[in-house]
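K.L.:
Pasting a structure here, questions to come.
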Amino acid sequence: MHPQTGSDPGPVKRPIGVFDSGIGGLSILKALRAELPHEDFVYVADSGHAPYGERDDAHVIARSSAITGHLLARYNIQALVIACNTATAAAVSTLRLAYPLLPIIGVEPALKPALALSKTRRIGVMATRGTLGSAKFGALVASLADQAEFSCQPCDGLADAIERQDTSKIIALCAYYTRATGRFGINTGEIDTLVLGCTHYPLVSDELRKSVGPNVQLIDTGEAVARQTRRQLPEHCAADRVGTCRLLSTGDPSALYLAAQRWLGLDQAVHSLLV
Ligand code: DGL
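Going by the numbering used here, the first residue of the sequence shown is number 114, and it counts up by one from there.
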């Protein structure tokens, strides 16, 4: 049958765009796929320009803008999830101004959920230098400062070690930065709740767990972000379809391929992206 005379295939499905500086956003993508199994996703790992956490805001804003522009022009995305705390802190307001009609869901360290769980009222926050130094994070901590004591630890090099899957460095940095954050435990004066304020860190939660002990609660934002995305989605797919996932990388595609296989059980080609 000639394509133009075939039956109407129905509206073309618009995917949800998701990006991070690298593989860390897979921790968010995993929760998104569980919450929205019928939706299509396009994931961009900006590994060619990572890490974001120790770069200035201008770099992160420029990268976030270039990726969002590409996702809109090439894929006509219906919503954008910034699966990166650092990019959210630096660029979410710029992106919302530039694309007022696009639902944009950002990620920030989960201090409020941590507050709801902590009994000792001592909470550790591990994140990038960029996130912890941002005005957005400063305002969040200040608004909660009378309710708990927050020990905020910038973790230079940890996201990069995870990106490179450098196991010995990951082990050393997890031990070093948890020690630097404070004393963990469930007794008075100890940190009983640790916020993973960078989307790369849930990928090494087993290693962090070894350092903080079995009773400390590790908090990440994947599920909350997925629920928020569901609420903001302008279109929903039919429940009888299985969503797809397209993987793009501005750096070494094999890093994203291996990480997606390991963390999401996805076995599919990663396309190179030049933006
Ligand atoms: N995954 C990013 C975040 O959540 C940062 C990693 C990086 O430094 O590039 O902040």
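Glycine residues also receive a C-beta, built at the ideal position from the N, C-alpha and C atoms.
Under the rule that 16 or more other beta-carbon atoms within 10 Å means buried, what is Val205, buried or exposed?
P.N.:
For the purposes of this step, residue 205 is identified with residue 92 of the sequence shown, where counting begins at 1. Buried, because 16 or more other Cβ atoms sit within 10 Å of the Cβ of Val205.
K.L.:
Quick one, are the C-beta atoms of Arg235 and Glu303 less than 8 Å apart?
P.N.:
Here the question's residue 235 lines up with position 122 in the sequence shown. Here the question's residue 303 lines up with position 190 in the sequence shown. Yes, the Cβ-Cβ distance between Arg235 and Glu303 is below 8 Å.
K.L.:
How many Å lie between Leu386 and Leu361 at the Cα?
P.N.:
Counting from 1 along the sequence shown, the entry for residue 386 is found at position 273. Counting from 1 along the sequence shown, the entry for residue 361 is found at position 248. Those two C-alpha atoms are separated by around 6 Å.
K.L.:
DSSP puts Phe263 in a beta bridge; with which residues?
P.N.:
Residue numbering aside, residue 263 sits at position 150 when the sequence shown is read from its first letter. Answer by DSSP bridge pairing, in chain order: Ile236.
K.L.:
Should Ser120 be labelled buried (16 or more other beta-carbon atoms within 10 Å of its own) or exposed?
P.N.:
For this step, residue 120 is matched to residue 7 along the sequence shown. The pLDDT assigned to Ser120 is 48, lower than 50, so where the model puts this residue is not dependable; a value taken from the coordinates is nonetheless given after this. By the neighbour-count rule (16 or more Cβ atoms within 10 Å), Ser120 is not buried but exposed.
K.L.:
Nearer than 7 Å: is that true of the beta carbon of Thr199 relative to any heavy atom of ligand 1?
P.N.:
Counting from one through the sequence shown, the residue named residue 199 turns up at place 86. Checking the Cβ of Thr199 against ligand 1 gives yes.
K.L.:
Does DSSP classify Gln117 as helix, strand or coil?
P.N.:
Here residue 117 refers to the residue found at position 4 when the sequence shown is read from its first residue. Model confidence at Gln117 stands at a pLDDT of 39, short of 50, so the residue's coordinates are unreliable and nothing is read from them.
K.L.:
Tell me which residue opens and which closes the alpha helix (DSSP H) that Asp273 is part of.
P.N.:
One-based indexing of the sequence shown puts residue 273 at position 160. Run containing Asp273: Leu271 to Glu276, per the alpha helix (DSSP H) assignment.
K.L.:
Counting Cβ pairs, one atom from each stretch, are 3 or more of them under 8 Å apart for the stretch 321 to 337 and the stretch 259 to 266?
P.N.:
Cβ pair count under 8 Å is below three, so no.
K.L.:
Skipping 5 residues on each side, what residues in its chain have a beta carbon closer than 6 Å to that of Arg209?
P.N.:
What you label residue 209 is simply residue 96 of the sequence shown in a count that begins at 1. Ile217, listed in sequence order.
K.L.:
Look up His384 in the DSSP assignment and say whether it is helix, strand or coil.
P.N.:
Here residue 384 is taken as the residue at index 271 of the sequence shown, counted from 1. In this structure, His384 counts as strand in the three-state DSSP scheme.
K.L.:
So, with DSSP's three-state summary, where would you put Cys358?
P.N.:
Working through the sequence shown from its first residue, we reach residue 358 at position 245. Here Cys358 sits in strand by DSSP.
K.L.:
Which term fits Ala252, buried or exposed, when burial requires 16 or more other beta carbons within 10 angstroms of its beta carbon?
P.N.:
Position 139 of the sequence shown, counted from the start, is the residue given in the question as residue 252. When all chains shown are included, Ala252 counts as exposed.
K.L.:
If I measure Cβ to Cβ from Ala382 and keep anything under 6 Å in the same chain, skipping five residues before and after, which residues do I get?
P.N.:
If you number the sequence shown from 1, residue 382 lands on position 269. For Ala382, where only same-chain residues beyond five positions count, there are no Cβ hits under 6 Å.
K.L.:
Determine the extent of the alpha helix (DSSP H) in which Leu193 is found, giving its start and end residues.
P.N.:
Here the question's residue 193 lines up with position 80 in the sequence shown. No alpha helix (DSSP H) holds Leu193; the beta strand (DSSP E) holding it covers Ala192 to Ile195.
K.L.:
Report yes if the C-beta of Gly137 is less than 7 Å from at least one heavy atom of ligand 1; otherwise report no.
P.N.:
Within the sequence shown, numbered from 1, the residue matching residue 137 stands at position 24. Gly137: yes, Cβ under 7 Å from ligand 1.
K.L.:
Please report how far the alpha carbon of Tyr188 lies from the alpha carbon of Gly326, in whole angstroms.
P.N.:
What you label residue 188 is simply residue 75 of the sequence shown in a count that begins at 1. What you label residue 326 is simply residue 213 of the sequence shown in a count that begins at 1. Roughly 44 Å separates the two Cα atoms.
K.L.:
Quick check: what's the CA-CA separation for Asp365 versus Leu142?
P.N.:
As a first step, residue 365 must be located in the sequence shown, where it is residue number 252. As a first step, residue 142 must be located in the sequence shown, where it is residue number 29. Their backbone Cα atoms lie some 19 Å apart in a straight line.
K.L.:
Suppose you measure from the CA of Val338 to the CA of Glu152; what does that come to, to the nearest Å?
P.N.:
Walking along the sequence shown from the start, residue 338 turns up at place 225. Walking along the sequence shown from the start, residue 152 turns up at place 39. Using only the alpha carbons, I get a separation of about 15 Å.
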